[in-house]
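Here is the structure we will look at, set down as C-alpha cells.
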Amino acid sequence: MNKISLMASGELRDALTAIEEGKGPAAIAALMAIDPTSWQAIEHRLKAVIGTDLRSLLLHTVESAAAQAID
67 MNKISLMASG ELRDALTAIE EGKGPAAIAA LMAIDPTSWQ AIEHRLKAVI
117 GTDLRSLLLH TVESAAAQAI D
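In C-alpha cells:
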C-alpha cells in the first residue's frame, strides 16, 4: 500500500483549512501540490475510514463552512 508523505498530509490539512476559511484559491493550490502517490493513499484511506472519497469530503467541508457562515 502507498504511504501519504508528510508534505502531502500538510497540504491536505492546509486545503481543508482554506476551504473552511473561504479561501478557494489557496485550497486549490494546496491540493495541486499533493503528489500522485500520496493522492492514491489519501483516497484509499478515506474510503476505508469514512466510506467516501476526497471529492465528497471536500464538498461536505464547503457545505459545512457555508452553513456556519450563515449562522
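Mapping the sequence shown onto this note's numbering, position 48 (from 1) lands on 114, and the numbers just tick up by one. Cβ coordinates follow ideal geometry from the N, Cα and C atoms, glycine included.
Cβ neighbour criterion (16 or more within 10 Å) applied to residue i
i              : result
leucine 97     : buried
isoleucine 116 : exposed
alanine 133    : exposed
Secondary structure of residue i, DSSP reduced to three states
i              : result
lysine 69      : coil
isoleucine 100 : coil
threonine 118  : coil
glycine 90     : helix
Close Cβ partners of residue i (< 7 angstroms) along its chain, the five nearest in sequence each way excluded
i             : result
threonine 118 : Leu112
Proximal residues to residue i (C-beta, below 6 angstroms), its chain only, five neighbours per side dropped
i             : result
glutamate 77  : Ala96, Ala99, Ile100
asparagine 68 : Thr103, Gln106, Ala107
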